[in-house]
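Notes to accompany the following structure.
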Amino acid sequence: MTKWTAEDIPDLEGTKVIVTGANSGLGFEASKMFAENNAEVIMACRSIERGKEAKEEIEEEVENTELEVRKLNLADLKSVQDFAEEFKANHKELDILCNNAGIMAIPKEETKDGFEKQLGVNHLGHFALTAKLFPSLKKADKATVVNQSSGLHKRGEIDFDDLMHEEKYSPNQAYADSKLANLLFTYELERKIKEKDLPIRSVACHPGYAATNLQKRSAEKSGNKIKKYTMEAMNRVLAQSAEVGALPMIYAAVAEDVDGGDYIGPNGLMNMRGHPEKQESSKASHNEETAEKLWNISEELTEIDFEI
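Quick note: the sequence shown uses numbering that gives the first Met the number 0, first residue 0, plus one each step.
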């Protein structure tokens, strides 16, 4: 079986890409690989300062890049709106949207709009961003939306009676639920795209176990030193690099054999590391009734009519 690597990324000259969470981890590595293959990359970052530092780091290694840093705070729907409006004012179409940014297993916090933060950032922020940018995706000859999920989605549950975990909060469960929401959104979006017969594909991926700042921030926010040291040790021993962890997202975005509704992840031990391949997500992620209900509630919460 052929192993897909960074060497298989095609020439992306003329391709416009947005990567959220582009200043570090998977987003940084994906932005770099897109740039290496001649794509025009908009690096969507919560911190402009860190985004510019990441941009400069890529430019030191890659010649003749087309990189642009723009502020995007997914925990603030006004920031999402501003980002989308600025993009549409300066760019005609969008070829690839990588909804990559995320937070993991943090103590309970809320977004600026009052949402439980993991669901708010990981799902609702990206739902709103995709909705606002969808007119730009429709203008491309062929477009792709990639949603970054996690193998932990298999532990997720969508409890519509306590969607924001107000009655009971577990950092790990809230994270798993948000990653399940990413998949439900991916598949529902794909169904709606097919109904309109649009040249857009909605795809999901997961990085396996990749060493990124997600684990570090989760441990630091918990205030638990043992957890922090354990996470650091596991990253060193078990995790693959962020560069390899970004490959499923790149594969999902550019590979010709990827179809809308596919789920891409590493092919190694327990799907934690290895080369990208098509995989199966959980049965719950394919529940169409849950997906449609989550879509409708997401529209209500974000106050957005997501027009396909």
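Glycine included, C-beta positions come from ideal geometry on N, C-alpha and C.
Collapsed DSSP secondary structure at residue i in the structure displayed
i      : result
Val144 : strand
Gly155 : coil
Pro275 : strand
Thr14  : coil
Arg69  : strand
Phe305 : coil
Pro170 : helix
Thr289 : helix
Ala252 : helix
Glu8   : Correcting the residue type first, residue 8 is Ile in the shown sequence and not Glu. Residue state, collapsed to three classes: coil.
Asp75  : coil
Leu300 : helix
Met32  : helix
Lys282 : coil
Glu187 : helix
Ala245 : coil
Met269 : helix
Trp3   : coil
Asn181 : helix
Asp258 : coil
Asn37  : coil
Glu56  : helix
Glu48  : helix
Glu194 : helix
Leu162 : coil
Asn63  : coil
Ala218 : Low local confidence applies: a pLDDT of 48 at Ala218 is under 50, so the model's placement there is unreliable, with the coordinate-based value given in what follows. Looking at Ala218 - three-state DSSP - the assignment turns out to be helix.
Classification of residue i by the beta-carbon crowding that lies within 10 angstroms, buried from 16 upward
i      : result
Asn121 : buried
Asn116 : Just to set this straight, residue 116 is Lys in the shown sequence, not Asn. Its Cβ being crowded by 16 or more others within 10 Å, Lys116 is buried.
Leu293 : buried
Leu179 : buried
Lys2   : exposed
Phe159 : exposed
Asp10  : exposed
Lys91  : exposed
Asn181 : buried
Gly13  : exposed
Ser240 : exposed
Thr4   : exposed
Asp176 : buried
Lys141 : exposed
Val236 : Unreliable positioning characterises Val236 in this predicted model, as indicated by a pLDDT of 47, which lies under 50. The coordinate reading is nonetheless provided below. So Val236 ends up on the exposed side.
Glu59  : exposed
Lys111 : exposed
Gly113 : exposed
Asn22  : buried
Met269 : exposed
Bridge partner(s) assigned by DSSP for residue i
i      : result
Ile263 : Cys204, Lys277
Met42  : Val18, Val68
Ala209 : Gln239
Ile199 : Ala142
Cβ-heavy atom distance, residue i to the ligand FMN, below 8 Å
i     : result
Gly13 : As far as ligands go, the structure on display features none, and thus does not contain the ligand FMN.
Query raised in the report: Are the region 163–179 and the region 103–113 touching, with three or more C-beta to C-beta distances below 8 Å?
Result: Using a Cβ-Cβ distance cut-off of 8 Å, the region 163–179 and the region 103–113 are in contact, since at least three pairs of beta carbons, one from each stretch, lie closer than that value.
Query raised in the report: If you pair each beta-carbon of the region 186–201 with each one of the region 254–272, do three or more pairs fall below 8 Å?
Result: Touching, yes.
Report task. Could you tell me whether the region 62–79 touches the region 30–42, using the rule of 3 or more Cβ pairs below 8 Å? Result -> Proximity of the region 62–79 to the region 30–42 meets the contact definition, three or more beta-carbon pairs being nearer than 8 Å.
Query - Unbroken stretches of the beta strand (DSSP E), 3 residues or longer, contained in the region 91–135 - result: Runs of the beta strand (DSSP E) inside the region 91–135: 95–98.
Query raised in the report: Okay, do the region 123–130 and the region 299–307 touch, 3+ Cβ pairs below 8 Å being the bar?
Result: Counting Cβ pairs under 8 Å, three or more are found: they touch.
Query raised in the report: Are the region 87–98 and the region 13–21 touching, with three or more C-beta to C-beta distances below 8 Å?
Result: Yes, the region 87–98 is in contact with the region 13–21.
Query raised in the report: Does the region 77–89 touch the region 245–253, meaning 3 or more C-beta pairs lie closer than 8 Å?
Result: Cβ pair count under 8 Å is below three, so no.
Query raised in the report: With a cut-off of 8 Å, do at least 3 Cβ pairs link the region 137–156 to the region 278–285?
Result: Judged by Cβ distances under 8 Å, the region 137–156 makes contact with the region 278–285, as three or more pairs qualify.
Requested in this report: Answer yes if the region 44–61 comes into contact with the region 271–280, meaning at least three C-beta pairs across the two stretches below 8 Å, and no otherwise.
Outcome: The region 271–280 vs the region 44–61: no contact.
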